[in-house]
Every structure is written in C-alpha cells, then in structure tokens.
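Below you'll find the structure, written out as structure tokens, and then a few comments.
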Amino acid sequence: MAASKVKQDMPPPGGYGPVDYKRNLPKRGLSGYSMLAIGVGVMCFGYWRLFKWNRERRRLQIEELEARIALLPLLQAEQDRRQLRMLRENLEEEAVVMKDVPGWKVGENVFHTDRWVAPLTEELFNLRPREELLHKRFGFLCNEEAAALEAELLGEYRFGPQQLMEIWGHACAIAITKAFPLSSLKRHPTVLVICGPSQNGCIGLACARHLRMFDYMPTVYYPKRSTLALHRDFTVQCEKTDIPFLSFLPAEVQLINDAYNLVVDAILGPETEPSDISEPYSSILLTLRHIRIPIASVDIPSGNQTYTYLSDSIYLQGYQGLKSYPSVLLFVRVGLIPWTCLMMPLFYAAATLCLSYLHSHFNYTFMYVLPQLARLTSAPAHWLTGLSALCPSTRQPLCYATVTLCSSYMHSHFNDTYMYILPQ
Numbered sequence: 001m002a003a004s005k006v007k008q009d010m011p012p013p014g015g016y017g018p019v020d021y022k023r024n025l026p027k028r029g030l031s032g033y034s035m036l037a038i039g040v041g042v043m044c045f046g047y048w049r050l051f052k053w054n055r056e057r058r059r060l061q062i063e064e065l066e067a068r069i070a071l072l073p074l075l076q077a078e079q080d081r082r083q084l085r086m087l088r089e090n091l092e093e094e095a096v097v098m099k100d101v102p103g104w105k106v107g108e109n110v111f112h113t114d115r116w117v118a119p120l121t122e123e124l125f126n127l128r129p130r131e132e133l134l135h136k137r138f139g140f141l142c143n144e145e146a147a148a149l150e151a152e153l154l155g156e157y158r159f160g161p162q163q164l165m166e167i168w169g170h171a172c173a174i175a176i177t178k179a180f181p182l183s184s185l186k187r188h189p190t191v192l193v194i195c196g197p198s199q200n201g202c203i204g205l206a207c208a209r210h211l212r213m214f215d216y217m218p219t220v221y222y223p224k225r226s227t228l229a230l231h232r233d234f235t236v237q238c239e240k241t242d243i244p245f246l247s248f249l250p251a252e253v254q255l256i257n258d259a260y261n262l263v264v265d266a267i268l269g270p271e272t273e274p275s276d277i278s279e280p281y282s283s284i285l286l287t288l289r290h291i292r293i294p295i296a297s298v299d300i301p302s303g304n305q306t307y308t309y310l311s312d313s314i315y316l317q318g319y320q321g322l323k324s325y326p327s328v329l330l331f332v333r334v335g336l337i338p339w340t341c342l343m344m345p346l347f348y349a350a351a352t353l354c355l356s357y358l359h360s361h362f363n364y365t366f367m368y369v370l371p372q373l374a375r376l377t378s379a380p381a382h383w384l385t386g387l388s389a390l391c392p393s394t395r396q397p398l399c400y401a402t403v404t405l406c407s408s409y410m411h412s413h414f415n416d417t418y419m420y421i422l423p424q
C-alpha cells in the first residue's frame, strides 16, 4: 500500500505555547450593580407615573360625575316638563275626539291609585304622527336630517365620498357581526349582499368586503353595475378579495333559504320612491318578501318610504329588532316569527291541555283556531272583544287564559259553541 501523502499535524517539540486570552479583551461596560440600580430607577419612575395618571384619571372621573349630578335635576325637570306638556296636549285632543261620547271622563285614571304612574312611550305618542313615535323609540333619521348630516360631513369636516362609503360599510359590517355573530350561525357563515345602483350599493360592497375580513362568507348580487368610478373601485376591491358575484338571483325562495344565513339589503335608498322601482329590482323585492332567513337593511328598507310600511315592501311583517349606529341604520327582521312569539308554542300546548281536560270532564267539543295574523275575536260575547282590546300585548297569555275559561263556562251553561282565535 502506498504511503499517505497527507502530512499529519503534530504538536511542536515541547508542546503548544500558552494561549494569549488577553489579546482581544471586551470593552468594559456597566457593572451588574449599575444595571441593577438603573432598572430599579426606571421601575420607580414608571410606578410614579402610573400612580400619578391614576390620580388624574380618578379626578377626571369625579369631575365628570359631579357635572352629571349637577345637570341631572335640570335634565330631569326638562324631561318632566316635556312629558306634562305632551300629556296636556293629549288630554285636549282626547276631549275633542270624545266630546260626543256620553259619560266619558277626560283624563280618567286607569289605575286604582293616587300615585303618579309614569306614562309609557306609546301612551305619550299615541295621538301623534307615527314619525315621532319611531324617532322616539329608535332614533330614525328622516331624509332631511340624513341629507344635512351628509352635507355637514362632506363640507365642514372635509370627508370624501369614498371615505364616507368606507365608514358606513364598516359600520354596517360591525352591526351585522353583533346582531348575527359567527357562533349563532348553524351552517357556514354565508351572507348574500344584494347591491343596487345608488349610494346604498357602494355601502353594500364595502360591507361585503369587511364581512369577508371578519371571517364571513359573503356573496354579492349586483344586477346593474354602475359606471361611476366610485362603484367600480368598490367592485374591483371585492373581486380582489375573492368575493363571488352572482349572475342571477334564484327565483326559488327555498334555494336562498338553504344556501345563506342572512340577506343584506343594499338595493334602494330612501331617495328612491316606490313608484320609481323598475326591473330587475321589483322582482328582487318580490322574491325577498317570501324568504324566511333574516334580512338586514343598511338604511330604510327597499320598497319603503321613510316611516311608511307599504304593501309591496319586503318588510310587510314588521321589524323585530333595530340596531342603530352613527350615520347608519341597520334594520333586522328575524324571519317571519317575532321575538314576542317565542313563548307562544308553550302557551298553545297549555291551551290544548286545558281544552282536553274540559272535553274529557264535560264532554263538550271546543273548536279553536291558531292563525298567525288575526285579532282575538268572539262575536257572541262582545265583552270578550273588549277584554282583548284592553289587554296589551305583554299580557296576552293572561287574556287567552281568561277567554278560554269564560268560553268553556258559557259553553257548559248555555250550550253555545264559541270559536276564538289566538293571534300570534
């Protein structure tokens, strides 16, 4: 075997010399004690600033509470004065309306007490226009107020049109996430956003893009794309975020109910008169009238005038919830079943049991009808109709139980058959 040509590295005779570790000494910095002292000083300064800010914040809170306490009597007095003025106007109107009714006492107390009973909102605004009641309960903005607010934002505060659309779309998306969180959706969080050619269409496009960022799965139906630059910009932004666009809206309502959890109505704004609605939006409104999934509108619902519920509106059944946000009104209609009727199935079961018990003990047949949109009526017994009119909606179960017992008693004693209707 040939010898290796690699020279082996061997230590020199006498071994290696000592290592010069002092050749590259590190520069001497702060000692450990100095760093500890600096850390303690910084912590003490931070705690001092924290305690100082807490004292200042508490002082500001106390000052704000004192201001509220000082203004509270004045605000309460002004509110009481306004209520008394409205009550007096209502009494004067009642005196004019009921002047021909014999034995009618204007302002007669309905409670057997001498104490002051605060009037309800419906009592104060019962004789006033519907616009005032809606404005009091929900804070609706009329067309003039909305136009003045938009003009102020565009003029005095120098907001741009695209900036306003972005803010409104984001506010609508936030409202939808609060009204319909992801945890409340049983299936995939699919949302159908229907956009129109007006300003509401831009808001709907911006809302769809923000919903996509909030982990929803929006789908946009934009039947007539506008040629305005603002609409094109929002459309391109939705396309770049991979939001699908529908080429047509299914005429089969069940397909929409099965495919989506929510419909966002961004079709027509309050500036559109119902007489000006043309195709394809009239057919869209006709389709949306029959769906059973929730519908949210970014403004006055399409097909409605301000504060007016029209027969061709998709919200004919009424609103069950309202979310109000700055510069944005979000209407929510939870299907066709109002929130106030969630306890009705339980009451129906109780009424059925009572009727079965009476039937088994008295051998009488009671015929009852459970419609959804009827009033409580009992033609032979006029006092039952008066009872149902006096009972507000919050006391309907008690009214139903009273009607059931009275009808069964009169049936068993006078051998009359009464058909009564339990409304929704």
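Quick note: the sequence shown uses the UniProt record's numbering, first residue 1, plus one each step.
Quick reminder that beta carbons are idealized off the backbone N, C-alpha and C, glycines included.
Buried/exposed call for residue i, threshold 16 Cβ in 10 Å
i	result
Phe234	buried
Asp9	exposed
Met367	Only weak support exists for where Met367 lies, its pLDDT of 37 falling under 50; the coordinates are left without a value.
Val298	buried
Tyr260	buried
Gly188	Note on identity: in this sequence residue 188 is His, with Gly being the wrong assignment. It counts as exposed.
Gly204	buried
Gln76	exposed
Leu192	buried
Glu252	exposed
Arg58	exposed
Gly303	buried
Whole-Å CB distance - residue i paired with residue j, under 8 Å assumed
i	j	result
Val220	Cys195	6 Å
Thr190	Met213	So it is not a contact: roughly 16 Å between Cβ atoms.
Leu60	Glu93	Wrong, their Cβ atoms sit about 47 Å apart, outside the cutoff.
Ala296	Leu246	Between Leu246 and Ala296 the Cβ distance is about 18 Å, and since that is not below 8 Å, they are no contact.
Arg137	Thr113	Actually they are not in contact, since the Cβ atoms of Arg137 and Thr113 sit about 27 Å apart, beyond 8 Å.
Asn257	Ile293	5 Å
Met86	Leu124	5 Å
Ala173	Leu211	5 Å
Ala241	Arg209	The sequence given here has Thr at residue 241, not Ala. Indeed they touch by this definition, with Cβ atoms about 6 Å apart.
Rounded separation between residue i and residue j - CA only
i	j	result
His135	Pro301	16 Å
Asn90	Leu71	29 Å
Ala175	Leu268	19 Å
Arg250	Ala266	Reading off the sequence shown, one finds Pro at residue 250, where the question assumed Arg. Their Cα atoms are separated by approximately 18 Å.
residue 452	Asp20	Outside the shown range of the chain, which is 1 to 424, sits residue 452, and nothing can be said about it.
Met43	Arg49	10 Å
Gln254	Ala171	30 Å
Val110	Trp116	12 Å
Val403	Pro119	Note on Val403: pLDDT 49, under 50, position unreliable in the model; no value is reported.
Cys207	Lys224	18 Å
Ser311	Arg289	In this prediction, Ser311 scores a pLDDT of 37, lower than 50, which makes its location untrustworthy; the coordinate-derived value is nonetheless stated afterwards. In a straight line, the C-alpha of Ser311 is about 11 Å away from that of Arg289.
Gly103	Ala148	49 Å
Ser34	Lys22	25 Å
Arg81	Glu239	56 Å
Ser198	Gly107	49 Å
Lys7	Pro13	16 Å
Val236	Trp168	18 Å
Leu384	Ala151	Since pLDDT at Leu384 reaches only 35, below the 50 mark, its modelled position is unreliable, and the value read off the structure follows with that caveat. Those two C-alpha atoms are separated by around 54 Å.
Pro26	Pro18	20 Å
Arg28	Phe45	27 Å
Pro11	Lys5	19 Å
Leu30	Gly41	15 Å
Gly15	Ala37	48 Å
Glu66	Leu74	13 Å
- Task: Taking only runs that begin and end inside the stretch 128-189, name each unbroken beta strand (DSSP E) of 3 or more residues, in chain order.
- Result: none
- Query: Hey, which unbroken runs of the beta strand (DSSP E) at 3 residues or more fall wholly within the stretch 17-73?
  - Reply: none
- Message: Within 8 Å, do at least three Cβ pairs link the stretch 224-233 to the stretch 150-169?
- Response: Touching, yes, given that three or more Cβ pairs across the two stretches are closer than 8 Å.
- 4 or more residues per run - each alpha helix (DSSP H) lying fully within the stretch 246-273: 253-259
- Task: Counting only runs of 4+ residues fully inside the stretch 79-136, write out the alpha helix (DSSP H) ranges in chain order.
- Result: Listed in chain order, they are 121-124.
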